[in-house]
(Lines of atoms letter the chains of each structure in order from A; the text may use other names.)
(Lines give C-alpha, C1' and ligand atoms only; values in the text may rest on other atoms or scores of the structure.)
Protein backbone atom coordinates (compact mmCIF):
# COMPACT_ATOMS: atom_id res chain seq x y z
CA UNK A 1 0.00 0.00 0.00
CA UNK A 2 2.87 2.39 0.81
CA UNK A 3 4.37 1.72 -2.64
CA UNK A 4 1.03 2.54 -4.32
CA UNK A 5 0.72 5.81 -2.39
CA UNK A 6 4.34 6.68 -3.26
CA UNK A 7 3.66 6.00 -6.98
CA UNK A 8 0.51 8.12 -6.96
CA UNK A 9 2.26 10.94 -5.10
CA UNK A 10 5.21 10.79 -7.54
CA UNK A 11 2.81 10.89 -10.51
CA UNK A 12 1.06 13.97 -9.14
CA UNK A 13 4.42 15.71 -8.61
CA UNK A 14 5.57 14.84 -12.13
CA UNK A 15 2.34 16.22 -13.63
CA UNK A 16 2.78 19.44 -11.67
CA UNK A 17 6.38 19.86 -12.81
CA UNK A 18 5.75 18.65 -16.39
CA UNK A 19 2.10 19.41 -17.17
CA UNK A 20 0.57 17.62 -20.12
CA UNK A 21 0.24 19.56 -23.34
CA UNK A 22 -3.32 20.82 -23.49
CA UNK A 23 -2.99 21.81 -27.14
CA UNK A 24 -2.32 25.49 -26.46
CA UNK A 25 1.29 25.16 -27.57
CA UNK A 26 0.24 25.03 -31.22
CA UNK A 27 -0.87 28.14 -33.06
CA UNK A 28 -3.15 25.83 -35.06
CA UNK A 29 -5.35 25.25 -31.99
CA UNK A 30 -6.33 28.91 -31.81
CA UNK A 31 -9.65 30.26 -33.12
CA UNK A 32 -10.20 33.86 -34.13
CA UNK A 33 -13.05 35.79 -35.72
CA UNK A 34 -12.90 37.36 -39.15
CA UNK A 35 -13.70 41.05 -39.47
CA UNK A 36 -17.15 39.89 -40.66
CA UNK A 37 -17.67 37.94 -37.42
CA UNK A 38 -17.15 34.44 -38.83
CA UNK A 39 -15.12 31.80 -37.01
CA UNK A 40 -11.63 31.41 -38.46
CA UNK A 41 -9.49 28.46 -37.37
CA UNK A 42 -5.78 29.04 -37.70
CA UNK A 43 -5.51 25.32 -38.44
CA UNK A 44 -6.47 26.13 -42.03
CA UNK A 45 -3.11 27.91 -42.37
CA UNK A 46 -1.07 24.71 -41.96
CA UNK A 47 1.46 24.40 -44.75
CA UNK A 48 1.63 28.18 -45.36
CA UNK A 49 4.01 30.84 -44.23
CA UNK A 50 2.05 33.43 -42.25
CA UNK A 51 2.67 37.04 -41.33
CA UNK A 52 0.52 38.20 -38.41
CA UNK A 53 0.34 41.96 -37.96
CA UNK A 54 -1.57 44.14 -35.51
CA UNK A 55 -3.00 47.10 -37.41
CA UNK A 56 -4.49 50.53 -36.72
CA UNK A 57 -6.07 53.09 -39.03
CA UNK A 58 -4.89 56.25 -37.25
CA UNK A 59 -1.22 55.46 -36.77
CA UNK A 60 1.91 56.87 -38.34
CA UNK A 61 2.59 53.34 -39.63
CA UNK A 62 -0.86 52.98 -41.24
CA UNK A 63 0.66 53.46 -44.74
CA UNK A 64 2.23 50.02 -44.20
CA UNK A 65 -1.16 48.69 -45.34
CA UNK A 66 0.00 49.59 -48.87
CA UNK A 67 3.24 47.62 -48.45
CA UNK A 68 1.38 44.69 -46.88
CA UNK A 69 -1.05 44.61 -49.79
CA UNK A 70 1.82 44.78 -52.30
CA UNK A 71 3.57 41.89 -50.51
CA UNK A 72 0.35 39.88 -50.46
CA UNK A 73 -0.27 40.53 -54.16
CA UNK A 74 3.21 39.32 -55.04
CA UNK A 75 3.62 36.35 -52.68
CA UNK A 76 0.18 35.57 -51.26
CA UNK A 77 -1.76 32.47 -52.18
CA UNK A 78 -1.23 28.78 -51.49
CA UNK A 79 2.11 29.25 -49.74
CA UNK A 80 1.84 32.60 -47.92
CA UNK A 81 -0.84 34.65 -46.19
CA UNK A 82 -0.93 37.89 -44.25
CA UNK A 83 -3.45 38.13 -41.42
CA UNK A 84 -4.32 41.59 -40.08
CA UNK A 85 -5.56 42.06 -36.52
CA UNK A 86 -6.89 45.54 -35.77
CA UNK A 87 -6.09 46.56 -32.19
CA UNK A 88 -6.81 49.69 -30.19
CA UNK A 89 -4.04 49.19 -27.62
CA UNK A 90 -1.81 52.11 -28.56
CA UNK A 91 -3.11 55.66 -28.03
CA UNK A 92 -6.59 54.59 -29.21
CA UNK A 93 -5.37 54.56 -32.81
CA UNK A 94 -7.98 51.99 -33.88
CA UNK A 95 -11.22 53.36 -32.44
CA UNK A 96 -13.61 52.14 -35.14
CA UNK A 97 -15.96 49.18 -35.26
CA UNK A 98 -15.10 46.13 -37.35
CA UNK A 99 -17.39 47.43 -40.12
CA UNK A 100 -15.66 50.83 -40.07
CA UNK A 101 -12.22 49.22 -40.12
CA UNK A 102 -13.21 46.99 -43.04
CA UNK A 103 -14.54 49.99 -44.98
CA UNK A 104 -11.33 51.96 -44.28
CA UNK A 105 -9.09 49.07 -45.40
CA UNK A 106 -11.14 48.48 -48.56
CA UNK A 107 -11.56 52.11 -49.64
CA UNK A 108 -8.19 53.58 -48.62
CA UNK A 109 -5.80 50.68 -49.30
CA UNK A 110 -7.73 48.04 -51.27
CA UNK A 111 -6.80 45.38 -48.71
CA UNK A 112 -7.40 41.85 -50.00
CA UNK A 113 -5.50 39.87 -47.36
CA UNK A 114 -7.63 38.47 -44.52
CA UNK A 115 -8.54 40.95 -41.80
CA UNK A 116 -9.79 39.67 -38.47
CA UNK A 117 -12.05 41.19 -35.84
CA UNK A 118 -10.52 43.80 -33.56
CA UNK A 119 -8.69 42.26 -30.60
CA UNK A 120 -6.39 43.23 -27.77
CA UNK A 121 -2.69 42.51 -28.29
CA UNK A 122 -1.50 43.33 -24.76
CA UNK A 123 -2.76 43.70 -21.22
CA UNK A 124 -5.21 41.70 -19.14
CA UNK A 125 -7.56 41.17 -22.08
CA UNK A 126 -4.84 40.01 -24.50
CA UNK A 127 -6.23 37.62 -27.11
CA UNK A 128 -4.97 33.99 -26.84
CA UNK A 129 -3.22 34.34 -30.21
CA UNK A 130 -1.08 37.16 -28.90
CA UNK A 131 -0.46 35.26 -25.69
CA UNK A 132 0.96 32.49 -27.89
CA UNK A 133 2.97 34.92 -30.03
CA UNK A 134 4.53 36.71 -27.03
CA UNK A 135 5.09 33.87 -24.53
CA UNK A 136 8.10 31.59 -24.97
CA UNK A 137 6.41 28.90 -22.85
CA UNK A 138 3.76 28.66 -25.55
CA UNK A 139 5.61 29.46 -28.80
CA UNK A 140 8.84 27.68 -27.73
CA UNK A 141 11.02 30.40 -29.30
CA UNK A 142 11.03 33.80 -27.62
CA UNK A 143 9.28 36.07 -25.17
CA UNK A 144 8.30 39.32 -26.85
CA UNK A 145 6.15 42.34 -26.23
CA UNK A 146 3.99 44.05 -28.81
CA UNK A 147 5.70 47.43 -28.90
CA UNK A 148 3.30 49.31 -31.20
CA UNK A 149 0.94 48.98 -34.14
CA UNK A 150 2.21 47.08 -37.19
CA UNK A 151 4.50 44.69 -35.34
CA UNK A 152 4.86 41.62 -37.51
CA UNK A 153 5.21 37.97 -36.49
CA UNK A 154 6.48 35.44 -39.03
CA UNK A 155 5.22 31.87 -38.74
CA UNK A 156 6.61 29.02 -40.85
CA UNK A 157 4.67 26.29 -42.66
CA UNK A 158 4.74 24.05 -39.57
CA UNK A 159 3.31 26.69 -37.25
CA UNK A 160 6.61 27.69 -35.66
CA UNK A 161 7.35 31.28 -34.73
CA UNK A 162 10.33 32.32 -36.84
CA UNK A 163 10.83 36.02 -36.22
CA UNK A 164 9.38 39.18 -34.74
CA UNK A 165 9.63 42.20 -37.04
CA UNK A 166 9.49 45.60 -35.30
CA UNK A 167 6.72 48.06 -36.21
CA UNK A 168 9.11 50.50 -37.90
CA UNK A 169 10.50 47.84 -40.25
CA UNK A 170 8.78 47.61 -43.59
CA UNK A 171 6.78 44.47 -44.34
CA UNK A 172 8.76 44.35 -47.59
CA UNK A 173 12.17 44.48 -45.87
CA UNK A 174 15.04 42.32 -47.09
CA UNK A 175 14.58 40.06 -44.04
CA UNK A 176 10.93 39.35 -44.92
CA UNK A 177 11.61 38.83 -48.64
CA UNK A 178 14.51 36.49 -47.90
CA UNK A 179 12.28 34.49 -45.53
CA UNK A 180 9.53 34.27 -48.16
CA UNK A 181 11.91 33.08 -50.86
CA UNK A 182 13.49 30.33 -48.72
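Residue numbers (our numbering): 1 to 182.
We put the CB at the ideal spot given by N, CA and C, even for glycine.
Just so we're clear, the structure is a prediction, and the values are computed from it rather than from any experiment.
- With contacts defined as CB atoms closer than 8 Å, residue 26 and residue 159 qualify as a contacting pair.
- Taking 8 Å as the upper bound for CB-CB distance, residue 72 and residue 82 are in contact here, some 5 Å apart.
- Contact between the segment 104 to 113 and the segment 121 to 139 is absent: fewer than three C-beta pairs spanning the two stretches fall below 8 Å.
- Distance check between residue 63 and each of 176, 171 and 36 places 171 closest, using alpha-carbon atoms only.
- Rounded to whole angstroms, the separation of the alpha carbons of residue 133 and residue 154 is 10 Å.
- In the DSSP annotation of this structure, the continuous segment of the beta strand (DSSP E) that includes residue 163 starts and ends at 161 to 165.
- If you ignore the 5 residues before and after residue 67, its C-beta comes within less than 8 Å of the C-beta of 170, 171 and 172, all in its own chain and listed in chain order.
- Contact between residue 156 and residue 164 is absent: CB atoms are separated by about 13 Å, not below the 8 Å threshold.
- Annotation: residue 58 is outside any beta strand (DSSP E) and is labelled neither H nor E by DSSP.
- Here residue 121 is buried: its Cβ has 16 or more other Cβ atoms, across all protein chains shown, within 10 Å.
- Nearest Cα to residue 167 within the set 40, 30, 136 and 53: 53.
- In the DSSP annotation of this structure, the continuous segment of the beta strand (DSSP E) that includes residue 40 starts and ends at 39 to 41.
- Residue 131 is positioned such that its CB atom lies no closer than 8 Å to that of residue 94.
- Taken through DSSP and simplified to helix, strand or coil, residue 35 comes out as coil.
- Judged by DSSP secondary structure, residue 152 falls within the beta strand (DSSP E) whose first and last residues are 152 to 155.
- With respect to the C-alpha of residue 104, the residue from 92, 86 and 91 having the closest C-alpha is 86.
- Residue 48 and residue 41 have their alpha carbons spaced roughly 14 Å apart.
- Each residue's CA atom was taken as its position, placing residue 29 and residue 80 some 19 Å apart.
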